[in-house]
Amino acid sequence: MCNVKEIRRTGFTLIEMMAVINIIALVAAMVLPTAARMFSASADEQARAMLTASLTGARAKAIEDAEYRIVHVQVGKEGSTWVCSMAGRDEGLGRG
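Take the sequence shown: its letters are residues 1 to 96, numbered as in the numbering used here.
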């Protein structure tokens with residue numbers, strides 16, 4: 001009698017692996033631009049809220065002190081950072 005062992009191969013073929021990789025790439029290509037826009041809009045909204053709060057604070061302080069307030073806004077490269085500072089009439093103007 002014949003004593004032949006059947007060889008069973010386990011795992012995935014190259015074509016199956018390439019199909020899965022292509023599906024993952026397709027899903028990523030559809031999701032990533034949407035996620036990037038969502039995070040960008042969120043950062044813009046946060047910056048707008050912080051600037052509004054700074055301007056409102058400067059206005060309230062100017063009314064309280066009955067003098068002008070200067071708000072200096074400095075935006076970083078490509079809008080990545082910004083600094084907002086408030087000074088009184090003679091503060092921060094090189095006069096003092």
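Note that beta-carbon positions come from the ideal geometry of N, C-alpha and C, so glycine has one too.
Only a predicted model underlies this, so the values are computations on that prediction, with no experimental measurement involved.
Residue environment, residue i, which counts as buried when at least 16 other CB atoms sit within 10 Å
i: R48; result: exposed
i: R69; result: buried
C-alpha gap between residue i and residue j, whole angstroms
i: R37; j: E6; result: 55 Å
i: M50; j: I63; result: 20 Å
i: G11; j: A19; result: 14 Å
i: A28; j: R59; result: 46 Å
Closest Cα partner of residue i within the set the options
i: S54; options: T13, I15 and H72; result: H72
Helix, strand or coil at residue i [DSSP, three-state]
i: I70; result: strand
**Request:** Please specify which runs of the beta strand (DSSP E), each continuous and at least 3 residues long, are wholly inside the segment 32-68, giving them in chain order.
**Result:** none
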